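As structure tokens, the structure follows; a few thoughts come after it.
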Amino acid sequence: MQLFIDSAETGLIKDLAATGLVDGVTTNPSLIAKSGRPIVEVIAEICRAVEGPVSAEVAATETAAMLEEGRRLAGIADNVVVKLPLTLDGLRATATFAAEGIATNVTLCFSPAQALLAAKAGATFVSPFVGRLDDIGEDGLLLLHEIRSIYDQYGFETSILAASLRNVAHVTGAALAGADAATIPPTTFAELVKHPLTDKGLDAFLKDWAGTGQSI
Ligand code: E4P
């Protein structure tokens with residue numbers, strides 16, 4: 003499963019990219035707003051820091067304007083993926099971009115039926131929102147399993163990009179569901195490596211090693 007960073011904070015993205023574990027980045031209008039910077043500048047900087055796909059979302063809600071904005075975003079760098087909402091207008095724009103060879107990420111997916119439409123429109127990625135479904139008492143991870151089953155049954159090539167992941171258990175659940183990629187906030191990304199028994203075990207090993215007086 004590929005690991006993407008869900009952020010528009012370029013400093014954090016660069017730090018995490020230096021680990022060699024980051025396969026891509028996703029942004030959305032809220033994250034761009036939080037950065038306080040112009041979208042073109044932020045996306046260009048992220049694309050220089052990360053070789054993999056970088057999702058940049060349109061703000062328009064009608065197909066023609068989405069196409070205009072999407073082409074502008076796609077022109078920023080070769081690894082830009084145009085992010086579009088899962089609406090009929092968004093799906094029309096997705097189909098046009100698919101025909102033109104422009105990569106897309108269809109976002110705000112909350113049901114298997116929506117994911118089916120995204121795949122039929124030729125989306126490169128579909129982003130099911132796990133955490134926001136959990137927030138309303140539904141089972142976000144179940145949605146990933148259902149989409150995986152549908153896509154496999156019909157041989158759809160759209161990649162499942164698990165989104166709105168809020169904790170390590172969500173990331174593990176996405177992997178178990180067979181998601182192709184997971185986009186993770188920087189704080190959760192940093193949590194993935196941690197386990198108390200790793201720290202405890204390392205302390206014990208280092209203490210015993212010091213007792214030998216050896217060096218390697
Ligand atoms: C990713 O594409 C989404 O924009 C993001 O994961 C949404 O996460 P949130 O529900 O925590 O805002």
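In this note's numbering, the protein residues as written are 3 to 218. All residues carry an ideal CB built from backbone N, CA and C; glycine is no exception. In this text, all values refer to a predicted model and were calculated from it rather than measured experimentally.
- [ ] Kindly indicate which three-state DSSP category I218 falls into: helix, strand or coil?
- [x] coil
Open item on the list: Just to confirm, is the Cβ distance from P130 to A117 under 9 Å?
Closed with: Closer than 9 Å, so yes.
Open item on the list: For S217 and P198, what's the separation of their Cα atoms in angstroms?
Closed with: 26 Å
- [ ] To the nearest angstrom, report how far apart A115 and A176 are at their CA atoms.
- [x] 19 Å
Task: Endpoints, beta strand (DSSP E) assigned at L85 - done: Per the sequence shown, residue 85 should be read as Lys rather than Leu. Run containing K85: V82 to P87, per the beta strand (DSSP E) assignment.
Task: Closest Cα partner of G77 within the set G103, D91 and T65 - done: G103
TODO: Kindly indicate if chain D contains any beta-carbon less than 9 Å away from that of R50.
DONE: Given the protein chain composition of this structure (a single chain), no chain D is represented.
Open item on the list: For N169, which residues in the same chain have their Cβ closer than 8 Å to its Cβ, ignoring the five residues on either side in sequence?
Closed with: T190 and E193
TODO: Could you pull the start and end residues of the alpha helix (DSSP H) that L163 belongs to?
DONE: Segment S161 to A164 is the beta strand (DSSP E) holding L163; no alpha helix (DSSP H) there.
Task: Candidates V44, A164, E140 and L5: closest to V128 by CA position - done: A164
- [ ] Verify whether the separation of the beta carbon atoms of A105 and V82 is less than 9 Å.
- [x] yes
Task: Residues near D136 by beta carbon distance below 6 Å, same chain, minus five either side - done: G142
Open item on the list: Which residues does DSSP list as the beta-bridge partners of D8?
Closed with: T28
Open item on the list: ligand 1 and A165: does any heavy atom of the ligand fall closer than 8 Å to the residue's C-beta?
Closed with: It does: the Cβ of A165 is within 8 Å (strictly closer) of some heavy atom of ligand 1.
Task: Nearest-angstrom Cβ-Cβ length linking L5 and I186, presumed shorter than 8 Å - done: 6 Å
Task: Check: L86 C-beta below 8 Å from any heavy atom of ligand 1 - done: no
Open item on the list: Suppose only complete runs of 4+ residues qualify. What are the alpha helix (DSSP H) ranges in the stretch 93-123, listed by chain order?
Closed with: Listed in chain order, the alpha helix (DSSP H) runs fully inside the stretch 93-123 are 114-122, counting runs of at least 4 residues.
TODO: Leaving aside the five residues before and after E71 along the sequence, list all residues of the same chain whose C-beta is less than 7 Å from its C-beta, in chain order.
DONE: V60, A61 and A62
Open item on the list: Assuming P188 is part of the alpha helix (DSSP H), what are its boundary residues?
Closed with: P188 to E193
TODO: Throw me the rounded Cβ distance for the T160 and T126 pair, which I believe falls under 8 Å.
DONE: 7 Å
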